[in-house]
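Colleague: Protein chains in written order, with the numbering used here: chain A, 19 to 465; chain B, 2 to 171.
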Amino acid sequence: MAIKPARFYVDDRPDEGVFRVHRDVYSDPEVFELEMKYIFERTWNFLTIESQIPKAHDYITTWIGRTPVVVSRDAKGNICAFLNTCRHKGATVCRFEKGNSKYHVCFYHGWAYDSGGKNVSIKQREAADYPAAFDAQSHDLIPLAKLATYKGLIFGSLSPDVPPLDEHLGDLKFFIDLHMDQGPQGMEIIPGRVAYTYRGNWKMQLENGQDPYHVDTAHGSFMAIAERRRKGQGNVAARELDWQKRNDVQIGSYEFPHGHSSVWHDVVEPERRAVHATFDEVKSRVGEQRAAWMIKQRNAVFFPNLQIADQIVPILRTFRPIEPGLTELRSNVLGPIGEPPHLRAARLRQFEDFVNPGGYATPDDVTVFADCQVGFQSAGVDFLQGYSRGIGAIERGPNEEARAVELHPLTSVKGHRTQNNELGTHAPFREWVRLMNAGMEGRKAYP
Amino acid sequence: MSAVDEAALLAPGIELLSREAVYLDEKRWDEWLALYAVDCEFWVPTWTAEGHLTTNPQTELSLIYYTARGALEDRIVRIRSGRSPAALPLPRTAHVVSNILPLEPPLRDRIRLRSTWACHTFFPLMDVHHTYFGRAEYDLARRDETWVIQRKKTILENDRIPLPIDIYCL
Numbered sequence: 019m020a021i022k023p024a025r026f027y028v029d030d031r032p033d034e035g036v037f038r039v040h041r042d043v044y045s046d047p048e049v050f051e052l053e054m055k056y057i058f059e060r061t062w063n064f065l066t067i068e069s070q071i072p073k074a075h076d077y078i079t080t081w082i083g084r085t086p087v088v089v090s091r092d093a094k095g096n097i098c099a100f101l102n103t104c105r106h107k108g109a110t111v112c113r114f115e116k117g118n119s120k121y122h123v124c125f126y127h128g129w130a131y132d133s134g135g136k137n138v139s140i141k142q143r144e145a146a147d148y149p150a151a152f153d154a155q156s157h158d159l160i161p162l163a164k165l166a167t168y169k170g171l172i173f174g175s176l177s178p179d180v181p182p183l184d185e186h187l188g189d190l191k192f193f194i195d196l197h198m199d200q201g202p203q204g205m206e207i208i209p210g211r212v213a214y215t216y217r218g219n220w221k222m223q224l225e226n227g228q229d230p231y232h233v234d235t236a237h238g239s240f241m242a243i244a245e246r247r248r249k250g251q252g253n254v255a256a257r258e259l260d261w262q263k264r265n266d267v268q269i270g271s272y273e274f275p276h277g278h279s280s281v282w283h284d285v286v287e288p289e290r291r292a293v294h295a296t297f298d299e300v301k302s303r304v305g306e307q308r309a310a311w312m313i314k315q316r317n318a319v320f321f322p323n324l325q326i327a328d329q330i331v332p333i334l335r336t337f338r339p340i341e342p343g344l345t346e347l348r349s350n351v352l353g354p355i356g357e358p359p360h361l362r363a364a365r366l367r368q369f370e371d372f373v374n375p376g377g378y379a380t381p382d383d384v385t386v387f388a389d390c391q392v393g394f395q396s397a398g399v400d401f402l403q404g405y406s407r408g409i410g411a412i413e414r415g416p417n418e419e420a421r422a423v424e425l426h427p428l429t430s431v432k433g434h435r436t437q438n439n440e441l442g443t444h445a446p447f448r449e450w451v452r453l454m455n456a457g458m459e460g461r462k463a464y465p
Numbered sequence: 002m003s004a005v006d007e008a009a010l011l012a013p014g015i016e017l018l019s020r021e022a023v024y025l026d027e028k029r030w031d032e033w034l035a036l037y038a039v040d041c042e043f044w045v046p047t048w049t050a051e052g053h054l055t056t057n058p059q060t061e062l063s064l065i066y067y068t069a070r071g072a073l074e075d076r077i078v079r080i081r082s083g084r085s086p087a088a089l090p091l092p093r094t095a096h097v098v099s100n101i102l103p104l105e106p107p108l109r110d111r112i113r114l115r116s117t118w119a120c121h122t123f124f125p126l127m128d129v130h131h132t133y134f135g136r137a138e139y140d141l142a143r144r145d146e147t148w149v150i151q152r153k154k155t156i157l158e159n160d161r162i163p164l165p166i167d168i169y170c171l
């Protein structure tokens with residue numbers, strides 16, 4: 019299939035109320051190839067959070083698109099990140115997901131690197147008869163071109179041509195704050211690893227988090243369970259929100275620059291939110307308005323690889339594209355550092371019940387993603403119609419709620435729950451087009 | 002205790018493990034639920050990023066952690082609702098349970114067993130087969146003349162999960 023100019027794939031005509039996305043963006047291998055090259059490899063990606071690597075020589079391994087990456091503390095405790103690939107023959111030098119090691123030694127020929135990525139040993143170098151040209155080269159692991167942190171979240175870029183992180187995040191910092199300020203001493207990732215793959219494109223999970231419209235159908239079986247729990251039966255320890263009670267809530271979304279967006283829902287049972295247990299302390303620290311925003315259900319997209327989601331408890335969920343129709347997801351559950359044991363246990367039960375592979379929502383989502391991926395193979399059909407709900411209610415710039423907390427979204431929308439706007443997908447797709455166009459036309463990603 | 006006496010005490014426990022597997026494979030949900038004590042613990046721990054199994058469900062994340070049979074009943078309500086895409090059509094399973102050994106000498110009203118299990122799971126929706134496998138630990142208790150599962154810890158060894166999991170494929 020011949021690749022077309024990027025703007026072909028997203029039919030975006032705001033003046034005419036048209037926003038459609040071509041099915042090929044989810045299934046065409048050529049599109050996928052260019053996404054890796056022009057999106058993942060040319061912008062900021064979320065890597066991990068600082069509290070995962072608290073001490074010198076601590077490390078985690080992760081990915082930027084297809085590129086394996088090590089994020090580490092060097093001997094002095096500085097955060098550094100480098101490509102997880104030996105300079106000699108290319109093998110990964112770090113096999114484990116997390117650990118502490120002064121040195122990363124390649125298992126193939128024993129080249130060794132320190133925790134800052136610097137080459138400290140080339141086996142049998144003295145006898146090698148290496149030419150001067152070899153000695154003139156650096157043998158260190160390749161550092162990421164850019165590395166920066168905000169509120170403990172570590173971001174990296176394979177390309178040096180990116181805006182400063184602070185500018186790139188913009189108003190997304192507000193949504194990161196709402197996560198990371200929930201604990202008086204900050205937040206930590208709760209031990210236990212949730213990793214799963216689904217048979218669908220990486221953008222489907224990104225969109226799913228911005229999509230309140232699917233909830234009462236894809237997760238319709240949960241209604242019967244909620245009915246039981248209302249009567250005190252079943253897994254009441256999970257303290258899931260009673261969906262019937264939220265029939266009249268307001269839902270909204272914002273579109274931000276650089277592909278970021280967020281949806282929010284009002285909550286009628288604030289006492290069920292994890293942050294509620296320490297609400298007075300939180301309020302005194304962050305103020306009434308931000309505390310009220312912590313109670314709202316939120317799901318913000320950091321384009322392209324992170325969801326900053328707080329459906330019931332705050333999580334950081336990363337997507338790693340593997341193939342056009344195969345994606346790995348990892349969920350990191352956050353809890354306040356020093357959280358009392360009974361609250362920590364309650365937080366775990368709340369998370370496990372729903373957006374967990376052993377819970378009630380995730381298995382349904384991954385099977386409908388697989389359904390979509392099958393449907394995308396159809397001949398004789400081009401653009402999808404899943405991006406239009408709420409277009410008639412768009413406000414340019416910030417709305418009242420955004421102004422109250424000094425957010426500056428490009429567009430705002432809100433409405434009754436059943437409006438179920440699909441506008442949280444627009445910012446990511448507009449940035450998708452911009453970055454793909456820049457790459458395909460031979461321009462830099464950021465002018 | 003003689004080996005013969007021990008085998009006699011263990012026999013109903015070993016049979017219960019087989020019955021659990023059969024009930025799940027044959028979708029005999031009510032009989033499966035009846036194997037569990039009302040106040041049972043049902044735990045599927047996660048592995049940590051360091052590659053260790055989590056040891057405390059109160060401080061670490063689990064794939065599933067329930068402390069009441071009512072929570073298992075939720076799972077059956079979901080399957081029977083006909084509204085869960087993950088269970089339509091319902092995956093077909095074959096549990097194979099083996100290497101059953103006592104974790105400690107059996108008592109008249111309490112048996113602790115370990116097993117190794119594999120669950121071959123066919124997903125008709127995606128026309129694909131996957132084998133989940135691992136180990137399990139059971140605490141069985143005798144209530145009147147019936148043995149019930151008081152506690153079950155299921156260890157999923159292949160925890161990078163490529164397809165939906167549910168109580169019937171563990």
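Note that beta-carbon positions come from the ideal geometry of N, C-alpha and C, so glycine has one too.
Keep in mind it's a predicted model, so treat the numbers as computed, not measured.
Could you please give the first and the last residue of the uninterrupted beta strand (DSSP E) stretch that includes residue 428/A?
Modeller: The residue given as residue 428/A occupies position 410 in the first sequence. Looking at the DSSP string, residue 428/A is not in any beta strand (DSSP E), and its letter there is neither H nor E.
Colleague: Could you list which residues in chain B have their beta carbon closer than 7 Å to that of residue 382/A, in chain order?
Modeller: As a first step, residue 382/A is located in the first sequence; it is residue number 364 there, counting from the start. The answer, in chain order, is 85, 86 and 87.
Colleague: Helix, strand or coil for residue 212/B per DSSP?
Modeller: Since the first residue shown for chain B is 2 and the last is 171, residue 212/B is missing from the structure and cannot be characterised.
Colleague: From residue 113/B to residue 107/B, what does the alpha carbon distance come to, in whole angstroms?
Modeller: Position 112 of the second sequence, counting from 1, holds the residue named residue 113/B. Position 106 of the second sequence, counting from 1, holds the residue named residue 107/B. Straight-line Cα distance between these residues: approximately 7 Å.
Colleague: According to DSSP, simplified to helix, strand and coil, what is residue 267/A?
Modeller: The residue you call residue 267/A lines up with position 249 of the first sequence. DSSP places residue 267/A in coil when its eight states are reduced to three.
Colleague: If you measure from the beta carbon of residue 90/B to each beta carbon in chain A, is any gap under 8 Å?
Modeller: If you number the second sequence from 1, residue 90/B lands on position 89. Residue 90/B does not count as touching chain A.
Colleague: Residue 44/A touches chain B at which residues, Cβ-Cβ below 9 Å?
Modeller: Numbered from its first residue, the first sequence carries residue 44/A at position 26. Near residue 44/A there are no residues of chain B at all, since even the closest Cβ is about 17 Å away, more than 9 Å.
Colleague: Measuring only between beta-carbons, confirm whether residue 59/B sits less than 8 Å from chain A.
Modeller: Working through the second sequence from its first residue, we reach residue 59/B at position 58. With 8 Å as the cut-off, residue 59/B counts as an interface residue toward chain A.
Colleague: Thinking C-beta only, is residue 57/A closer than 8 Å to residue 174/A?
Modeller: In the first sequence, residue 174/A corresponds to position 156, counting from 1. In the first sequence, residue 57/A corresponds to position 39, counting from 1. No, the pair does not count as a contact, with Cβ atoms beyond the cut-off.
Colleague: Which two residues bound the contiguous beta strand (DSSP E) that contains residue 246/A?
Modeller: Along the first sequence, read from residue 1 onward, the residue named residue 246/A stands at position 228. First-last for residue 246/A: 239-248, but that is the alpha helix (DSSP H), not the beta strand (DSSP E).
Colleague: Just to make sure I have the definition right: I need the residues of chain B whose C-beta is within less than 7 Å of the C-beta of residue 208/A. Which are they?
Modeller: Taking the first sequence and counting its residues from 1, one reaches residue 208/A at position 190. Chain B residues near residue 208/A: 61 and 62.
Colleague: In angstroms with no decimal places, state the Cα-to-Cα distance between residue 287/A and residue 382/A.
Modeller: The sequence position of residue 287/A within the first sequence is 269, counting from 1. The sequence position of residue 382/A within the first sequence is 364, counting from 1. Their Cα atoms are separated by approximately 25 Å.
Colleague: Is the stretch 192-209 of chain A in contact with the stretch 164-174 of chain A, if contact means three or more CB pairs nearer than 8 Å?
Modeller: Taking 8 Å as the limit for Cβ pairs, the verdict is that the stretch 164-174 of chain A does touch the stretch 192-209 of chain A.
Colleague: At a threshold of 7 Å, does residue 414/A count as lining the ligand SAH (C-beta to nearest heavy atom)?
Modeller: Of ligands this structure carries none, so the ligand SAH is not represented either.
Colleague: If the cut-off is 9 Å on Cβ atoms, which residues from the stretch 109-142 of chain B count as contacting chain A, listed in chain order?
Modeller: Within the stretch 109-142 of chain B, the residues whose Cβ lies closer than 9 Å to some Cβ of chain A are 124, 126, 127 and 129, listed in chain order.
Colleague: Residue range of the beta strand (DSSP E) that residue 110/B falls in?
Modeller: Taking the first residue of the second sequence as 1, we reach residue 110/B at position 109. Premise fails: residue 110/B is in no beta strand (DSSP E) and is neither H nor E.
Colleague: Starting from the C-beta of residue 163/A, find all residues in its chain whose C-beta is less than 7 Å away, skip the five residues before and the five after it, and write them out in chain order.
Modeller: Locating residue 163/A in the first sequence gives position 145, where the first residue counts as 1. Taken in chain order, the residues that qualify are 175, 176, 177 and 178.
Colleague: Which residues of chain A have a Cβ atom closer than 7 Å to the Cβ of residue 72/B, listed in chain order?
Modeller: Residue numbering aside, residue 72/B sits at position 71 when the second sequence is read from its first letter. Chain A residues near residue 72/B: 252 and 253.
Colleague: Is residue 97/B buried or exposed, if buried means 16 or more other CB atoms sit within 10 Å of its CB?
Modeller: Within the second sequence, residue 97/B is the residue found at index 96, counting from 1. Its Cβ having fewer than 16 others within 10 Å, residue 97/B is exposed.
Colleague: Below 8 Å between beta carbons: does that hold for residue 450/A and residue 339/A?
Modeller: Against the first sequence, residue 450/A aligns to sequence position 432. Against the first sequence, residue 339/A aligns to sequence position 321. Contact: no.
Colleague: Do you know how far the Cα of residue 395/A is from the Cα of residue 150/A?
Modeller: The residue labelled residue 150/A in the question sits at position 132 within the first sequence. The residue labelled residue 395/A in the question sits at position 377 within the first sequence. Each residue's Cα considered, the two are about 55 Å apart.
Colleague: Please work out which residues of its chain come closer than 8 Å, Cβ to Cβ, to residue 100/B, disregarding the five sequence neighbours upstream and downstream, and give them in chain order.
Modeller: In the second sequence, counting from the first residue as 1, residue 100/B sits at position 99. Result list for residue 100/B: 115, 116 and 117, in chain order.
Colleague: My output table needs one value for residue 119/A: the three-state DSSP class, helix, strand or coil.
Modeller: Residue mapping note: residue 119/A aligns to position 101 of the first sequence, counting from 1. Three-state result, residue 119/A: coil.
Colleague: Quick one: does residue 48/B have its CB under 8 Å from some CB of chain A?
Modeller: In the second sequence, counting from the first residue as 1, residue 48/B sits at position 47. Taking Cβ atoms only, chain A reaches closer than 8 Å to residue 48/B, which makes this a yes.
Colleague: Smallest Cα separation from residue 155/A: which of 193/A, 397/A, 106/A and 186/A?
Modeller: Your numbering for residue 155/A matches position 137 in the first sequence. Here the closest residue by C-alpha is 106/A.
Colleague: Relative to the alpha-carbon of residue 285/A, which residue among 258/A, 402/A, 274/A and 147/A has its alpha-carbon at the smallest distance?
Modeller: Within the first sequence, the letter at position 267 stands for residue 285/A. If we check each option's Cα against that of residue 285/A, 258/A comes out closest.
Colleague: Within the 8 Å Cβ cut-off, does residue 55/B reach chain A?
Modeller: By 1-based counting over the second sequence, the position of residue 55/B is 54. Yes, its Cβ sits closer than 8 Å to a Cβ of chain A.
Colleague: If you reduce the DSSP assignment to three classes, tell me which class residue 178/A lands in.
Modeller: On the first sequence, position 160 is the one that residue 178/A refers to. Three-state DSSP puts residue 178/A in coil, outside helix and strand.
Colleague: Residue 13/B CB to nearest chain A CB: under 8 Å?
Modeller: Position 12 of the second sequence, counting from 1, holds the residue named residue 13/B. For residue 13/B, the answer is no, since every Cβ of chain A falls outside 8 Å of its Cβ.
Colleague: So what does residue 325/A bridge to, in DSSP terms?
Modeller: Counting from one through the first sequence, the residue named residue 325/A turns up at place 307. Residue 325/A is bridged to 319/A and 335/A.
Colleague: Could one say the Cβ of residue 93/B lies closer than 8 Å to chain A's Cβ atoms, at least one of them?
Modeller: Walking along the second sequence from the start, residue 93/B turns up at place 92. So, not an interface residue.
Colleague: How close, in whole Å, do the beta carbons of residue 141/A and residue 157/A come, if the pair is a contact with beta carbons under 8 Å?
Modeller: Position 123 of the first sequence, counted from the start, is the residue given in the question as residue 141/A. Position 139 of the first sequence, counted from the start, is the residue given in the question as residue 157/A. Between residue 157/A and residue 141/A the Cβ distance is about 12 Å, and since that is not below 8 Å, they are no contact.
Colleague: Is it right to say residue 36/B is buried, meaning 16 or more other beta carbons lie within 10 angstroms of its own, or is it exposed?
Modeller: Here residue 36/B refers to the residue found at position 35 when the second sequence is read from its first residue. Under this definition residue 36/B is a buried residue.
Colleague: On the DSSP bridge assignment, give the partners of residue 280/A in chain order.
Modeller: Indexing the first sequence from 1 puts residue 280/A at position 262. Answer is 272/A and 318/A.
Colleague: Can you tell me the Cα-Cα spacing of residue 109/B and residue 57/B, whole angstroms?
Modeller: By one-based count along the second sequence, residue 109/B stands at place 108. By one-based count along the second sequence, residue 57/B stands at place 56. Residue 109/B and residue 57/B: Cα-Cα distance of roughly 29 Å.
Colleague: Output, in chain order, the set of chain A residues within a Cβ distance shorter than 9 Å of residue 65/B.
Modeller: Within the second sequence, the letter at position 64 stands for residue 65/B. Within 9 Å Cβ-Cβ: 370, 374, 376 and 377.
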